[in-house]
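Protein chains in written order, with my numbering: chain R, 1 to 339; chain A, 340 to 590. All C-beta atoms, glycine included, are put in the ideal place defined by N, C-alpha and C. Inspection log for the structure reproduced underneath, given as structure tokens.
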Amino acid sequence: MQNSTRRLQALRSAAIVSFGFVLILSAFLVSDTLLTYGLPNGGLVSAFVSVGQIIAEATGFTLLSFRFGWRMLAIGGLIGIVGPLIGMYIVHREMAMIGETLAHTAFAGVAIGLLVTGATGIETNYLLPALIVAILGAFLVEYLAARSSSYGDVPIAIMLSGSFALGTLVISYGGGLTGISIEGVLFGNVSVVPPSGGTIMLVLSAIVIGVVATQYKQLLFITFDEQAARVAQLNVSAYNSLLIVLTALVVVGAMQILGVILVAAMLVVPVAAASQIATSFREALYLAVLIGEASIMVGLVAAHQAGLPAGGTIVMLGVVCYIAAVVLSDRDLAAISIR
Amino acid sequence: MSDPRVSAVIEVTNVSFAYGDTSAVSDVSLTVESGEFLGLIGPNGSGKTTLLHIMLGLIEPDSGSVELFGEPIEEFSAGHRIGYVSQQSTSKGSTMPITVREVIEMGRFAHAGSQRLNDEDHAIVEEAIETVNIADLQHRRINALSGGQRQRAYIARALASEADLLALDEPTVGVDAESRDAFYGLLDRLNSDGITIVLIEHDIGVVTDRASRIACINRELYHHGDTESFVESDALAEAYGASGRVVHHHH
């Protein structure tokens with residue numbers, strides 16, 4: 001018992017430090033947003049860039065001597081928190097494929113947004129139409145799931161491929177009308193994330209963290225034992241809808257770095273790794289956030305240094321953590337059976 | 340504990356429910372009084388679980404009405420007064436990392452609302468853990484426990500929520516005989532402390548030994564009355580063997 005309490009305290013402390021680090025990076029995003037809209041930003045952006053230049057001079061690591069480098073790191077830091085945070089609930093509700101589905105739905109949203117931009121000339125960040133369509137898709141998935149006996153994979157598979165097909169048709173129809181890279185949307189493109197991408201991520205993360213912080217217990221109860229939660233008069237249908245909408249928010253926010261194809265990994269892989277070795281839900285939550293943060297931070301830096309795609313590097317690091325966790329948990333089981 | 344002014348904990352009136360064209364529960368009326376230990380029995384597929392789900396508001400009946408603690412079920416909001424141990428709750432946590440204590444703490448969630456659990460909540464959780472005698476298991480993952488130990492944890496969750504009514508759906512499936520006896524001993528103790536119990540159990544011997552009243556159904560209600568009258572009646576043979584006819588309904 002003392003061991004598990006000490007482990008939990010250590011993980012909690014590490015998660016708080018990590019959260020503090022992301023909070024500092026979020027201050028950059030706020031300042032970055034203010035600067036973009038010509039508002040006074042207190043010079044925070046230039047202070048961050050100056051720090052980055054000092055780091056570059058000392059180590060030769062140049063990423064942080066640019067404004068976009070800090071923006072990328074800050075968005076990544078937020079993804080490392082909100083991805084596993086929502087992932088803890090959807091993975092253990094056996095809804096792991098929902099993230100993948102909503103990402104593909106968001107892709108249809110990007111395509112529709114591009115078409116609207118081409119037709120009307122109104123330019124917005126491509127994440128906004130993605131967000132709207134992903135939320136509509138979230139309700140559609142919930143509607144379909146409620147009319148099957150469980151979160152069966154058939155309606156989810158149909159939604160996944162159907163929305164992707166819609167996206168490709170729309171893009172084909174409106175081909176040549178847009179300036180954004182579809183490859184960047186599919187696989188993520190860290191070097192062209194605009195300031196508005198940081199603003200959107202900041203707002204989405206604040207909503208997700210705020211909701212989970214206040215509804216943690218209810219979401220946990222429903223995740224573990226939905227029937228008992230219903231008997232306890234929790235509005236399970238409303239919480240299910242809330243969870244899927246939060247998933248859509250996370251997916252759209254994280255899409256800009258990880259891309260449509262890989263975004264779901266950040267909801268699933270750190271949680272799967274943490275759940276292999278954690279004893280309690282809290283422990284798994286802290287561990288999942290730490291694994292998510294480590295994969296993203298190390299992945300972004302390594303990808304920049306080695307000229308690799310960031311999304312793929314981040315996800316592969318997460319997968320390595322997962323395999324390590326499986327090996328570790330097997331050793332624990334072997335040790336228990338020997339005793 | 341139960342409101343002394345309300346003696347009927349559950350009141351089901353002319354309830355029917357069908358899955359599509361297949362009738363699961365047909366025109367069932369019964370009352371569960373405060374402090375009662377009701378055994379709900381019937382053959383496989385007889386609608387026991389459906390009826391229990393209707394009683395708890397998990398399924399809305401096609402016709403008829405249900406009252407919980409004197410309130411129409413549509414208006415009932417004191418969910419913490421009911422502790423429910425479902426058939427699925429034993430398997431649901433199989434891959435989820437969650438400790439026994441975290442599961443038991445869920446019993447306090449309705450009381451705490453959006454606040455963190457306070458010292459009083461933790462004291463009540465401790466007391467529930469002591470009552471079911473699983474203090475040494477509280478920091479283990481729930482899926483590392485045996486079936487019998489896990490069921491004790493779910494009972495502790497109900498106690499932590501200060502439930503007046505405990506509804507259990509075949510709680511000892513896959514539990515060894517010794518643990519099962521200990522488990523039913525615990526239910527007896529809780530019932531003598533005033534907690535109303537509704538138990539679905541496939542082992543009729545267990546039910547006739549423990550329950551004060553029995554409801555025997557096979558879509559229709561074949562018997563509802565005290566255990567002695569059930570043992571002396573033909574309801575068992577009728578419900579399990581022949582097509583239905585008589586409703587023994589004693590209050």
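Which residue spans inside the region 466-519 of chain A form an unbroken alpha helix (DSSP H) run of at least 4? 486-499
Compare the C-beta of T33/R against all C-beta atoms of chain A and say whether one is closer than 8 Å. no
Would you be able to state if there are at least three C-beta pairs under 8 Å between the region 263-270 of chain R and the region 287-294 of chain R? yes
Please report whether the beta-carbon of P436/A lies at a distance below 8 Å from any beta-carbon of chain R. yes
Helix, strand or coil at G396/A [DSSP, three-state]: coil
Can you give the Cα-Cα distance for L234/R and Q488/A, rounded to whole angstroms? 26 Å
Using DSSP bridges, identify the partner residues of A347/A. E372/A
Please check if any C-beta of chain R sits within less than 8 Å of the C-beta of E577/A. no
Which residues DSSP lists as bridging P411/A, in chain order: E406/A
Note the first and the last residue of the continuous beta strand (DSSP E) segment covering D225/R. That residue, D225/R, is in no beta strand (DSSP E); it is neither H nor E in DSSP.
Counting only the same chain and skipping the five closest in sequence on each side, list residues whose C-beta sits under 8 Å from that of V211/R. So the list reads L242, L246, once near-sequence residues are dropped.
Under three-state DSSP, which class holds R558/A? For R558/A, the three-state secondary structure derived from DSSP is coil.
Exposed or buried, what is P591/A when buried is set at 16 or more other beta-carbons lying within 10 Å of its beta-carbon? Outside the shown range of chain A, which is 340 to 590, sits residue 591/A, and nothing can be said about it.
Please list the terminal residues of the continuous alpha helix (DSSP H) segment that includes Y173/R. Its alpha helix (DSSP H) spans residues 153-173.
For a contact meaning CB atoms closer than 8 Å, what does S275/R contact in chain A? T434, M435, P436
Suppose contacts are defined by Cβ-Cβ distances below 8 Å. Is V22/R in contact with S31/R by that definition? no
Helix, strand or coil at K431/A [DSSP, three-state]: Confidence at K431/A is low in this model, with a pLDDT of 46, below 50, so its placement is unreliable and the value that follows should be read with caution. Looking at K431/A - three-state DSSP - the assignment turns out to be helix.
Cβ of V208/R within 8 Å of Cβ of L102/R? no
At a Cβ threshold of 8 Å, is A554/A touching chain R? Answer no: the Cβ-Cβ gap between A554/A and chain R never drops below 8 Å.
Run through DSSP, which three-state label would G564/A get? strand
Whose Cβ in chain A lies nearer than 9 Å to the Cβ of Q218/R? Contact of Q218/R with chain A by beta-carbon distance below 9 Å involves F448, S453.
Measuring alpha carbon to alpha carbon, tell me which residue in T279/R, V250/R, I98/R is nearest L128/R. Closest option to L128/R, Cα to Cα, is V250/R.
DSSP puts S65/R in a beta bridge; with which residues? Bridge partners of S65/R: none, in fact.
DSSP-derived helix/strand/coil call for Y239/R: helix
Would you give the residue range spanned by the alpha helix (DSSP H) that I536/A belongs to? Annotation: I536/A is outside any alpha helix (DSSP H); the continuous beta strand (DSSP E) that includes it extends over 535-539.
CB-CB under 7 Å to E517/A, same chain, minus the five flanking residues each way: which ones, in chain order? Answer for E517/A: no residue qualifies.
Stretch-stretch touch, CB-based, cutoff 8 Å, three pairs: the region 302-314 of chain R with the region 364-375 of chain A: no
is_contact[E123/R, chain A] using C-beta, thresh 8 Å: no
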